[in-house]
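Residue numbers (the numbering used here), protein chains in the order written: chain G, 825 to 1173; chain W, 825 to 1173; chain P, 825 to 1173; chain X, 825 to 1173.
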């Protein structure tokens, strides 16, 4: 089969696209999945996949399930800098310098780290420390296509949102835009892949199995990102946000409990969400509270809104796949927009 | 081994207690566990285990893991009515008439259903329909030993709390008593055993595995129970309460986000919780947010309180085993109190 | 989004194929997945999806994750009999009459049941009872493309293999062809989706979670199918076969321990397997024992062979996704062959 | 609650036993569980719990669920050498020198490592390398109480069996004693706790979840131990043994496929197993193949034997909890025998 696949890779699949996309940082879950999505994409070709720690190893050693015929390489701008675009999947802080170098070569970048998401530098430094490419700070467009599609289409540097902000902002956008949001409590639940591929006491099977645990209580890095973007949408709040680790691999749910300045009826909520979702191919408004399983391995965000008469609050439940819409496939969605393609290309649900 | 165990059962274990306890409704998860706990209890003897649907079958057919040498019997008050006490594990509505019959015979009862938990009859009827023993409505003591130990000691009818109310009330008691609670959001997560033993589309492994789903949104039966008891403690609120089904078998977490009328410091929170927990053998105040795994197969409730400066809210995370502290072992704790025993007898953590 | 998807369905996706494929029995896991695969297939169009028990309901009510815009219909040969081909996903026994009716109308059929897999009628009746369409008994081609590709291409009725036989035969084909097999022990492990969608005590989450249980010991219906096809390949054996239920949803492993009439070296094994796999796009020969996770949601079978010097036996470990290669995607692979398409069309790994 | 528990520890629980037991190596799963079982044991007192890597930390930091009030200490023979007995839970190789030192002080030892299990030194060295206390090689009694109870009662050094040998030998003892065993295939399945507490790529939740993988194929260290003890029982075979990693935490199943020199009827099998199990409090012979869940958190081994007419083989399925009967509770069972106590003391099922 190796032969058949190699041929397919050269022929129909990898060579079919004219736009060469580099994946920098392909040994993590998100980077590896990005490599797979690019590898199968009809308009993109996988230029190279790099890894600092695993250079020289076939990507399929680490991720046999992705079936991508590529050997991880040390990043070398002389060889890789002629890519048309790049998805950068480096840790926070380490990403910025690489992004800067790629931008210097004219490579259009979607960056999966937090380095270009925040607009306030003091806030960034408070949560992440010194920035790795200060000259580019704030130069990125926030890559949530359902909000910033036009800006993304014109951008050379897109900051892919964090997984929790993605789900939370999609869940709350129609409410935030209404200007009626007073208080937001977000109780989030995530599968273990969100914690990354590095083995640790917290990701050991025995620690996670039959368990559920809150983490990052009062101090999760996605908080300022959520607040920044909720404010941009129209809700000036300090969000209560607590994620919980769950015994599953992929999938993320945000359960949002929103206090508003005026009562919302179910009809108003339904209308606001339907109108907002209209024309957005990856947003599904559903009547029954969704499970994370329903969006596994897709770029879809399913959302259920409930105006709760009993408490007067509005509840919103949204689910995404943290590795897909929360990372890799959203990066492809952004790349599609940046290259004038239908945003569903290669990531149809 | 059967012989050895039968001997043990007659000798050291089942015959050792002088108080004969009937378990009525032993084919469900909670009833079966109650039978096991009574079977091993040093002061109680298992009088009989009844089941309407599985009479005639050994309990070990349904629950080999419990290793209780008992055959499920049809409930027969002539034979079973001479028990000293009973744990009734019938469904809501069906429990009340059985409880009434047992009380007529002078049997002291801990009832696991909701039939005697609520104090307002209209509220009961609104959520559960007509009551099955109206003459006894309101006659039960609410069986949360950490709050009502004295009343339970004197009671002949104890209404064992629901699993979610148990966790929520233990989590919030010190706050509620302070009189400063303005608003409560409880996001709850439960394992599948909470949904009962009956197979259904919702409890099918494939539906639950790799999934998390909200249920009972805006309409869960534990809501009025939580509000009633929070009010009794000092917090007059309409609680926002949403449970989620999680891919694990036993375990329940409540994540509580509380708005108060005045700011709480961490020091005040620590002091209030430490003071409240003092002398309560099953309440653990812990510094780091607990996982449900840490209380599996115990009667313990672990609680972490955080005064969150950023939002001004107080967060409380509490975990229990829904089948133990949320049902069967709490029933034994109540029986212990009713019989003047140390409340930890037979259920030491 | 509903609008966008409906348009896509009419346009690019569902209408793009000229061959109309009926899925009869679309409410089970395999039938629903088959509907999804046909719906996205570039050369096939989904003609209709039928269900006896759920007619009238949108397929997405039962399987939101498949995102197929189709309403389940009662099977009506007047309306559905003009399909070009059909995948029949009925239970054993019930399938045969439906297959017969479809064949009368000239519809080419891939049948997922066991009704047309066995060649010996007494054997069939011994395991399954009376046959539902005796006139067609034995008329099907055994639909294992890696063995019978030519016959499948010409067939009008293909009997899709059982999931365990699929994995076992692919694992053992090179050994069986060598004529050296004396004894075969197959220890199989399967996820819960293999037990079907009907809720039962055995598929309840709490029964499966943290558990592993053998089932069908000494009496699993896949035994005669395995023996029949191993004999056809060259190994006349009575296979020892025991499946085990595992706490996962999709995935199946067969661990095969083979006694041979002459010693096999690792070199001979490697060569035999490499040669046999050559040109088979869904067979992967791997050096390290594979996990079921590596083939999830694919039509791939990964196989590792080990000539074990210590015991003199040959070990073979093979993994498939029981719903894909073990059922629905193998049906599509068969349909591809029947329609002269590359066998990977629409199910590329 | 801390106060209540501390009191309990000093009073009823930890001080209640007169025999002081040291647990050396208490940071791993088995050592920590051993500490818990000793802590609750009516006849033993927990003398100390040591750890090289975590000295100074409360055991409850690592294992809150065990609720043992003990601080891990550096092993110091001057302070710890006056224990009456010790459970040593060190890695293979590292255990032997510690065991030797404890024996010099007169401490009776149950060793959980493989260092004293094998009787042939060349075999030991071939699998484990040089022995850490050659003068003691072979001095241990093989600690399988169901076979060597008398020898254990008199021993000062007991080698606790490996988890797989425990299950396999209990499964096969009656067959092995018959002298009719010709060939044995053991397909084993284990939960992740068997792989130990150290985080690694293989124990990462995402690697194990929804997966099953064979490991140690053809080269697992438990092989020589199984063969040695099967021979001692009467079966001179080279066992085919392959373990598989399963997505669960505790639990182990061995599925044994045995070829015999003469046919076994079910009646003969039933009689042989019933006779053998008679008087063994932790051996359960069951009619239906057991699941691992049925023995979770117990010292029980459940065994089902099937004389399979179709193949002429005898199948035996046995389940244990790998951390209990496969390690910690079996060590306590051995200690009970060594101290003249009923073997069920403190570990009643």
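Built from N, CA and C at the ideal position, the CB exists for glycine as well.
Check, Outcome
"Report the rounded CA-to-CA distance for residue 969 of chain G versus residue 1099 of chain G, giving the unit in angstroms.", "16 Å"
"With 9 Å as the threshold, decide whether the Cβ of residue 1167 of chain P is near any Cβ in chain X.", "no"
"Taking 9 Å as the cut-off, decide whether the C-beta atoms of residue 1138 of chain P and residue 1059 of chain P are in contact.", "no"
"Terminal residues of the continuous alpha helix (DSSP H) containing residue 1107 of chain W?", "Premise fails: residue 1107 of chain W lies in the beta strand (DSSP E), 1107–1109, not in any alpha helix (DSSP H)."
"Give me, in chain order, the residues of the same chain whose beta-carbon lies closer than 8 Å to that of residue 1161 of chain G; leave out the 5 immediate sequence neighbours on both sides.", "969, 973, 976, 977 and 1167"
"Considering residue 1067 of chain X, what are the terminal residues of the beta strand (DSSP E) in which it resides?", "1064–1069"
"With a threshold of 16 other CB atoms inside 10 Å of the CB of residue 1095 of chain P, please say whether the residue is buried or exposed.", "exposed"
"At a CB distance below 9 Å, what residues from the stretch 1022–1034 of chain G approach chain X? Give them in sequence order.", "1022, 1023, 1024, 1025, 1026, 1027, 1028, 1029, 1030, 1031, 1032, 1033 and 1034"
"What distance in whole Å lies between the Cβ atoms of residue 1127 of chain P and residue 1119 of chain P, which are believed to be in contact at a cut-off of 8 Å?", "No, residue 1119 of chain P and residue 1127 of chain P are not in contact; Cβ-Cβ is about 10 Å, not under 8 Å."
"Go through its chain and collect everything with a Cβ distance to residue 1112 of chain P's Cβ below 7 Å, but skip five positions before and after it.", "1128"
"Does any residue of chain W have a CB that is nearer than 9 Å to the CB of residue 1072 of chain P?", "yes"
"Closer than 9 Å, Cβ to any Cβ of chain G: which residues of the stretch 996–1021 of chain X, in chain order?", "1015, 1016, 1017, 1019 and 1021"
"Below 8 Å on the Cβ atoms is my guess for residue 936 of chain X versus residue 909 of chain X; work out the distance and round it to an integer in Å.", "Between residue 909 of chain X and residue 936 of chain X the Cβ distance is about 13 Å, and since that is not below 8 Å, they are no contact."
"Have a look at residue 1123 of chain W and residue 1068 of chain G and give me their C-alpha separation to the nearest angstrom.", "23 Å"
"Between residue 853 of chain X and chain G, is any beta-carbon pair separated by less than 9 Å?", "yes"
"Residue ranges of each beta strand (DSSP E) run of no fewer than 3 residues wholly in the stretch 974–1013 of chain X, ordered along the chain?", "981–983"
"Show which residues of chain P have a CB atom less than 8 Å away from the CB atom of residue 1075 of chain X.", "1034, 1035 and 1036"
"Give the straight-line distance between the Cα atoms of residue 930 of chain P and residue 897 of chain P, rounded to the nearest whole angstrom.", "21 Å"
"Assuming residue 771 of chain P and residue 1115 of chain X form a contact by the criterion Cβ under 8 Å, report the distance between their Cβ atoms to the nearest whole angstrom.", "Since the displayed chain P opens at 825 and closes at 1173, residue 771 of chain P lies outside it and no answer follows."
"Can you name the residues of chain X whose CB is closer than 7 Å to the CB of residue 1137 of chain P?", "1064"
"Given that a residue counts as buried once 16 or more other Cβ atoms are within 10 Å of its Cβ, and exposed if not, what is residue 902 of chain W?", "exposed"
"Here's a check: name, in chain order, each residue in its chain whose Cβ is nearer than 6 Å to the Cβ of residue 911 of chain P, leaving out the five neighbours to either side.", "847, 858, 934 and 1155"
"Within 10 angstroms of its Cβ, does residue 958 of chain G collect 16 or more other Cβ (buried), or is it exposed?", "exposed"
"Give a yes or no on whether the C-beta atoms belonging to residue 982 of chain G and residue 1158 of chain G are separated by under 9 Å.", "yes"
"Taking Cβ to Cβ, would you say residue 1165 of chain W is nearer than 9 Å to residue 854 of chain W?", "no"
"Starting from the beta carbon of residue 1132 of chain P, find every residue of chain X whose beta carbon is closer than 7 Å, and list them in chain order.", "1042"
"For residue 903 of chain P, which residues in chain G fall below 7 Å Cβ to Cβ?", "Correct list: empty, because the minimum Cβ distance to chain G is about 29 Å."
"Can you list the beta strand (DSSP E) stretches of 3 or more residues lying completely in the stretch 920–981 of chain X, in chain order?", "932–935"
"In this structure, how does DSSP classify residue 1167 of chain G when only helix, strand and coil are distinguished?", "coil"
"At 9 Å on the CB atoms, spell out the chain G contacts of residue 1116 of chain W, in chain order.", "1034, 1035, 1036 and 1037"
"Which residues in the same chain have their Cβ closer than 7 Å to the Cβ of residue 1044 of chain X, if we skip the five residues on either side of it in sequence?", "1065 and 1067"
"Mind pulling the chain W residues with CB within less than 8 Å of residue 1121 of chain X?", "1121"
"Chain G partners of residue 1173 of chain P, CB-CB under 7 Å?", "891"
"Sorted by chain position, which residues of the same chain lie with C-beta nearer than 7 Å to residue 844 of chain X's C-beta, five sequence neighbours on each side aside?", "869, 871, 907 and 908"
"Can the beta-carbon of residue 1008 of chain P be found less than 9 Å from the beta-carbon of residue 1054 of chain P?", "yes"
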